[in-house]
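Going line by line, the protein sequences match chains A and B. Take 3 as the starting number for the first sequence in our numbering and just add one per residue. Take 375 as the starting number for the second sequence in our numbering and just add one per residue. This report concerns only the one structure given below.
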Amino acid sequence: MTRAERRWDGLLFVAPFLLLYLLILIYPLLRGVWLSLHSVDLFGDGRFVGLANYARLAADPVFGQSLVNTFLITLMIVPVLTVIALALALALNRATRSAAILRGVFFSSAVLSVTIVTLIWRFVLAPDAGLLGELWTAFGWEPLPFLSAPNLVLPALAITTIWWSLGFPMLLFLAGLQQIPQDMYEAAALDRASKWTTFRRVTLPSLRRTTILVIMLQTAAQLQIFGQSQLLTAGGPSGASRTAVLFLFETAFGRWELGYASAAAEILFLIILAVTLTQYWLTGRAREGEDGR
Amino acid sequence: MAASVARDRLPPLVWAAVLIGAAIMVAPLIWTLLLSLKSNTELVGNSGAALQPPYTLGNYVAIFGSSSTTRWLLNSAVVSLGTTAGVLILASLAGYGFARLDFPFRRSLFVLVLLGLAIPSQAVILHQHQLFADLGLHNSYPGLILPGLIGPFGVFFMTQYMRAIPKELDEAAMLDGASRFTIFWRVILPLTVPAQSTLAVFTFLGSWNDYWWPLISATRSDMYTLTVGLAASQMNYAQTSGLGFLMAQAVFASIPIFMVYIIFQKQIVRAMAGAALK
């Protein structure tokens, strides 16, 4: 074997992945940008319309509302989820058997698919056939129409999502807690620091990177929330729970306006990209901070 | 470094809060299980009947009698196992190439792969759908599996892992006259089993639970995966089989994934530790 061959044969190892990657990820990405500048329906490749799709999006109240709904539900989910996951990790970071069982209980829902989660929660939330309805009636109250009242539907979807998504953030916090050196706690104990001071001065600062990771991963995930609203409410009542990705789905596969849907996809892409880049930037800063300590 | 585990006792109030939380986590699951054990007629207009006997396994028997649910289970198994095998093969090969070989454009190609980590699936899924329509791959196993193979995370993960293996191993094998592929297959790959199992568990979970892609790609009900089949069942719920049967389907569909979770708990926890350390 000559040297030149040796240099190129490394490419053979990465080629199978790279070819699929270029065909199924990069090509659709570029085609999406191109299509977003065209007016396209089911038939043919359409005509060039410049930024008209984007201008139409900016003026479309349905898209606007779907973006607002997406931001609102993300705001309802991420802070609550982060705080509960951290609290659970703090409480269950113990070597006892009961702590291990409870960790399993709080993680169990995370392995379910979105269709099973919505199936379960449909019959928890439904006022006539649901668990909460039965509970409310047992107390003599009127069951709340969680999925059909415009002001209750987003919180109901948020609760469903928090129940579903708790497991992984809790595990991340548990892993973060276990990496805090024990001698930092011993030093705090020697200084007779109270539990609260120890938590604020030792635990929280050591968890900074984990916390950034959890918040950013969850934000990026919830901005793409789709199955819950598609399956539980179909975006209703009258659009009160339509999310940005559901808008995308309806525009592309309900009305087959591919150019318009592509433009919406690019907007969503930019928003999520901004979140991802913020995460890299914050993590980088947190790391510099730790190295400098 | 000793792992930090709290040794003090939990205050009773905190204990109570944790137990209430656990009850909230479990209650919907138990409710589902109870509903699945009731006959459909008893539940009509009265889901509260689920709290009292008699219970029956009739709905589960009906699942095995209906060809569609078992067909969806088979589809899910084929797609998830196919995706997992494909990801392991592609990511290991590419990881070996990027981590241990030198070839032209290696750095820029690796950066190109890393950029993919920032591309959300929503940005490409419409055009993947068009591409697969052009290729005539919808409603087929390759159509359901291929988009699962291009996630850059696996390549990134295997590259990191293989970089940490000492270079001397390759050099010694090279002196013995082994080819690149023999070194990869006989020397390096056996050392990556822990990483392979972690990647396998996460790929399998992700693929088994995937909803968006099979929803738009598998439009014929005999090609549905379990997630899409259950979505269709709950959309048609009013007309069809009844609440007990629907919930039995949900329980039936979650059994395989719970088994995977229980068997591979260690890999999941270890992967989280890795992510928190990153």
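By construction, the Cβ of each residue, glycine as well, lies at the ideal position given by its N, Cα and C atoms.
- With 16 or more other Cβ atoms from the protein chains shown falling within 10 Å of its own Cβ, G178 of chain A counts as buried.
- The three-state reading of DSSP puts S231 of chain A in helix, counting H, G and I together.
- Scanning its chain for C-beta atoms nearer than 8 Å, with the 5 sequence neighbours on each side dropped, one finds no residue around A140 of chain A.
- Where H501 of chain B is concerned, the enclosing alpha helix (DSSP H) starts and stops at 499-508.
- Around the C-beta of T444 of chain B, fewer than 16 other C-beta atoms lie within 10 Å, and the residue is accordingly described as exposed.
- Counting only runs of at least 3 residues, the region 482-567 of chain B fully encloses no beta strand (DSSP E) element at all.
- Within 9 Å of the CB of R480 of chain B, the CB atoms of chain A belong to G12, L13, V16, in sequence order along the chain.
- Under the three-state reduction of DSSP output, F15 of chain A falls in the helix class.
- Taking each of B:P494, B:L589, B:D596 in turn and checking the Cα distance to L447 of chain B, the smallest one comes out for B:D596.
- The straight-line gap separating the alpha-carbon atoms of M646 of chain B and L455 of chain B is approximately 22 Å.
- Here I182 of chain A has S208 as same chain residues with Cβ atoms under 6 Å from its own Cβ, once five neighbours each way along the sequence are excluded.
- One thing to note: G517 of chain B has its Cβ within 8 Å of the Cβ of S591 of chain B.
- For the set A:W166, A:F251, A:A195, A:L260, the Cα lying nearest the Cα of Q224 of chain A is the one of A:W166.
- Beta bridge pairing from DSSP links R49 of chain A with A:S41.
- The C-beta distance from L483 of chain B to V16 of chain A rounds to 6 Å, short enough to fall under 8 Å.
- Among the CB atoms of chain A, none fall inside 8 Å of the CB of H512 of chain B.
- In the DSSP assignment, T72 of chain A falls within the unbroken alpha helix (DSSP H) covering 63-94.
- Contact of I75 of chain A with chain B is not assigned, every C-beta pair being separated by 8 Å or more.
- Only residues of its own chain outside the window of five on either side were considered, and among them T221, Q224, L225 have a CB closer than 7 Å to the CB of T76 of chain A, listed in chain order.
- Counting the other Cβ atoms within 10 Å of the Cβ of W587 of chain B gives 16 or more, which makes it buried.
- With its beta carbon at least 8 Å from every one in chain A, N610 of chain B lies outside the interface.
- Closest by C-alpha distance to V42 of chain A, out of B:G510, B:Q504, B:F619, B:R537, is B:Q504.
- Bounds of the alpha helix (DSSP H) holding D185 of chain A are 184-192.
- Against chain B, the beta carbon of L154 of chain A has no neighbour under 7 Å; the closest one sits roughly 18 Å away.
- Any Cβ of chain A closer than 8 Å to the Cβ of Q496 of chain B would place that residue at the interface, and such an atom is present.
- By the beta-carbon neighbour count (other beta carbons within 10 angstroms, threshold 16), G528 of chain B is buried.
- When B:F632, B:F619, B:A624 are compared, the shortest CA-CA separation from A436 of chain B is found for B:F619.
- Residues of chain B whose Cβ lies closer than 8 Å to the Cβ of T72 of chain A do not exist; the shortest such Cβ separation is about 11 Å.
- Within the same chain, G169 come within 6 Å of F109 of chain A by CB-CB distance, once the 5 residues on both sides are set aside.
- Distances from the CA of E259 of chain A to each of B:N449, B:R644, B:H501, B:I519 were compared; the closest alpha carbon is that of B:H501.
- Contact between the region 146-159 of chain A and the region 422-442 of chain B is absent: fewer than 3 CB-CB pairs across the two stretches fall below 8 Å.
- Close to Q502 of chain B, with beta-carbon spacing below 7 Å, are these residues of chain A in chain order: I26, P30.
- In the displayed model, G616 of chain B falls within coil according to three-state DSSP, outside both helix and strand.
- Its chain contains S413 as the residues whose beta carbon lies nearer than 6 Å to that of T430 of chain B, once the 5 sequence neighbours on both sides are disregarded; these appear in chain order.
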